[in-house]
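Sequential numbering of the sequence shown, starting at 46, is according to our numbering.
Ideal Cβ positions, reconstructed from N, Cα and C, are used throughout, including at glycine.
Remarks on the structure that follows.
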Amino acid sequence: MSRIGSNFTRTTSLMQSNNFLSALRRTQNGLAQAENAISSGKIVNRPSDAPSSASALLLLQRTLERREQHERNLGFASSLLNNVDAALGDMSNLVLEAKTIGSSQIGLGSNSDTRKNQATVIDAQIQTLLDMSNRTHQGVSLFGGSLSPGQQGQPVFMEYLGGIRYTGATTALRAEVGLDQPLAINSNGQDALAALSSRVKGIADLDPQATATTLLSNVRGAQGLGVRLGTIRLEVDGAATTVDLTTAQTLGDIATRINAAVAAIDPTAGGVALSGGGFELTANLGHTLTISDLGASQVAADLGLDVSATDATVAGGDLDPQLTALTTLASLASPIDWASGLKITQGGTTKVADFSAAVTIQDAINVIEQLGLGIQLEINAAGSGLNLLSQVSGIDLSVGEVSGGTTARDLGVRTFDTTTALKDLNHGLGVQTHTGQDDFAVTLHDGTIFNVNLDGVTTVQGVIDAINTAATTAMGAGNVGVPGQGGTLFNVGLAADGNGLTLEDQTVGATNFGVTNLNLSHAATDLGLQKDVASGGVIIGDDVAQVRVESVFSHLMALRDALLADDSRGITLATSSLETDTENLARAHADVGVRANRVEAQLDRSEELKITEKSMLSQLQDTDLATMITRYSLLQQQLQASLQVGAQNMQLSLLDFLR
């Protein structure tokens, strides 16, 4: 039975008991919180402990977690960049030493014996540089670029076909370090050592045609600004409507939507279709179709369809589609002899690239890759043609025709072509002529001799023209032609198989057919034509237009070979090329230094920000031990007092009140 307590007027003993227990729970809860705060050092352990500060606390905690990860990345980046910096310094010193050796072997004071001895030193330097290039730090290649370590299970630089092949990436490895953009944290073989060559740049515009599957993102558009999607205005015999093209992805989507809009007004009016490099608008007899932009929209102009047609077909603008890996070979406007293939010589290995089964550009890329020559076929930056990229330094690359085919010329990748500059022959040595004098003489079997002057000639075609002119003057018009066609006494042109110049002598006589230098000129030699044929009627010139990767490895190997061959001219060229390598290494070194400084600066700034953020977090979350211990003591006293008072009050009865 409930009774009335003496301390609460008109209050039952049950209510008194509940109030007493509630007060005890509050005090005990406060003691538990104080005890937890003292032991953990934090006054906020759960969002519910401080609802008003929860969002700020969570934000600061996430920020600190990201900062800690960034600082780990920064620490790794700093260590990696320092290793790259040290390696580049070692490489620079090695190249400078090689350059000094090369300079010492030019002119007086050097002979074949000293040059052979120094060739041994250069050979050792090549091996040392190879080891430096394959250095790693914590499993990451210093010069492998973004290629993940161990992806290929082999070094990024390796000996291959008598040269040194680079199999790494052309871009550096990047990491998130708290900056606006990821930071490059190593180097790569192209930036540091120029380990890749794209000298075989296709000069032919393959002009891919527009197809229904051509992505809008892969066309430059009629205005050269891409295709800015929007809504167009369509009029069919004066009836106007709009066509929404904002979600179109391919040229086929564009045609489908416009034709559907035309058909909705008059199915017999006509429509648009793809033709060549873009669209054409057809208005059938008795109809007029007009397409235009709405307001500031540019989609019709970008598509080359800002046109009108009446009883006719009107061609739109050229959209200039770009080559992609999925572009079909059949869709290329340029006529290409895919049947013959390419004759490719890399070092001492010659193989034929057979494209007869290729359907797309990717198939052609795969054909080159499968040759195993360390060569890649790639789409150029403009998306208009193809380049051949060699990964192997120190050996020569030649791309020519196969048995009278025209594949190399059609693709614009023939290394010895009519457009080849004379200054690029012989690895940049060019063709040494004697200004104002005839440069070489051609002697035919019937005793005819004519001299050729190359003054002002800058290309291989210029050489062919100069020889033709001299031969015509000596033999008369109609007696000079093109090799392989017959009917003339003398012919000159490019080799039908492989590379080089070809001279044909169809005269008869006892005199040897040959080409010799004149007047201290080296033109015949430099053109690969200094030959003497006793009985044959064909001189096939040497391929003097071979290209190579212009890397530090190539130049060191060229210097070594020139020293062994006692070739003063080659030593001079290789030594001068090392100057370029020194400058390239210096640029790469400077770039790494700048990035390393950025990392150090970011690390210092991150440390400062972390101190501020931790201070803010501490103010919101951490315990003031002195205050909390005092509170804990007071709560203990409060609990003790509550228990004593409660015990006394809970024992009182009505009789105690009446007394």
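field: Three-state secondary structure (DSSP) of glutamate 325
entry: strand
**OP:** Assign isoleucine 230 to one of three DSSP states: helix, strand, or coil.
**Re:** coil
Look at glycine 543 and lysine 396 and say whether their C-beta atoms are less than 7 Å apart. no
Report, in whole angstroms, the separation of the C-beta atoms of leucine 214 and asparagine 231, which I expect to be a contact under 8 Å. It is worth fixing the name first, because residue 214 is alanine in this sequence and not leucine. With 8 Å as the limit, alanine 214 and asparagine 231 do not qualify as a contact, their Cβ atoms being about 10 Å apart.
Determine the direct distance from the alpha carbon of leucine 224 to that of leucine 418, and round the result to whole angstroms.
41 Å
- Are valine 281 and alanine 314 closer than 7 Å when you measure CB to CB? Contact: yes.
Could you give the residue range of the alpha helix (DSSP H) that holds phenylalanine 495?
Not the alpha helix (DSSP H): phenylalanine 495 falls in the beta strand (DSSP E), residues 494–497.
Practice problem: Report back the beta-carbon spacing between glycine 573 and leucine 546 to the nearest angstrom; my notes put them in contact at under 8 Å. | Solution: 7 Å
Next item on the list: Along the alpha helix (DSSP H) that carries phenylalanine 598, what are the first and last residues, could you check?
Entry: For phenylalanine 598, the uninterrupted alpha helix (DSSP H) run begins and ends at 597–609, by DSSP.
task: Entirely within the segment 199–268 and at least 3 residues each: give me those beta strand (DSSP E) ranges in chain order.
output: As for any beta strand (DSSP E) of minimum length 3 sitting wholly inside the segment 199–268, the runs are 202–205, 208–211 and 242–246, ordered along the chain.
Q: Could you have a look at tryptophan 655 and say whether DSSP puts it in helix, strand or coil?
A: It should be noted that the sequence gives lysine, not tryptophan, for residue 655. In the structure shown, lysine 655 sits in a helix (DSSP, three-state: H, G or I).
- prompt: Do you know offhand how far serine 599's Cα is from serine 566's?
  reply: 28 Å
**Message:** With H, G and I counted as helix, E and B as strand and the rest as coil, what does DSSP make of histidine 472?
**Reply:** helix
inquiry  = Checking the sheet assignment: what are the DSSP bridge partners for serine 320?
reply    = Looking at the DSSP output, serine 320 bridges to Gly323.
What is the rounded straight-line gap between the Cα of leucine 29 and the Cα of proline 253? Within the shown structure, residues of the chain are numbered from 46 to 704, placing residue 29 beyond reach of any answer.
Is isoleucine 440 helix, strand or coil by DSSP?
coil
**Request:** Answer yes or no: do asparagine 513 and valine 525 have a C-beta to C-beta separation smaller than 7 Å?
**Result:** Taking 7 Å as the Cβ cut-off, asparagine 513 and valine 525 qualify as a contacting pair.
*Heavy atom of the ligand FMN within 6 Å of leucine 174 beta-carbon*: Only the bare structure without any ligand can be found here, which leaves the ligand FMN out of the picture.
Item to complete: Please state if the CB of valine 537 and the CB of leucine 238 are separated by a distance shorter than 7 Å.
Response: no
Report task. Using three-state DSSP, classify phenylalanine 400 as helix, strand or coil. Result -> coil
- If you draw a straight line from the C-alpha of glycine 349 to the C-alpha of isoleucine 248, how long is it? Looking at the two C-alpha atoms, the distance is approximately 27 Å.
- Query: alanine 318 to isoleucine 413, Cα distance in whole Å?
  - Reply: 35 Å
Exercise for the section: Decide yes or no for the touch test of the segment 442–449 against the segment 459–474: beta carbon pairs closer than 8 Å, at least 3 of them. Expected result: yes
Leucine 279, buried or exposed, once every other Cβ within 10 Å from all chains shown has been counted against 16: buried
Exercise. At a cut of 8 Å, does the segment 577–586 reach the segment 152–170 through at least three beta carbon pairs?
Worked result: no
Taking the alpha carbon of asparagine 179 as the reference point, which residue from Leu192, Asp168 and Ile167 has its own alpha carbon closest? Leu192
Inter-residue CB distance, threonine 287 and threonine 295 (contact presumed, cutoff 8 Å):
Incorrect: roughly 20 Å between the Cβ atoms, too far for contact.
*Through-space distance from aspartate 626 to alanine 619, alpha-carbon basis*: 11 Å
Next on the checklist: Using the three-state DSSP reduction, which class does arginine 302 fall into: helix, strand or coil?
Outcome noted: Arginine 302: helix per DSSP, three-state reduction.
Quickly, what does DSSP pair glutamine 163 with across the bridge? List them, please.
In DSSP, glutamine 163 forms no bridge with anything.
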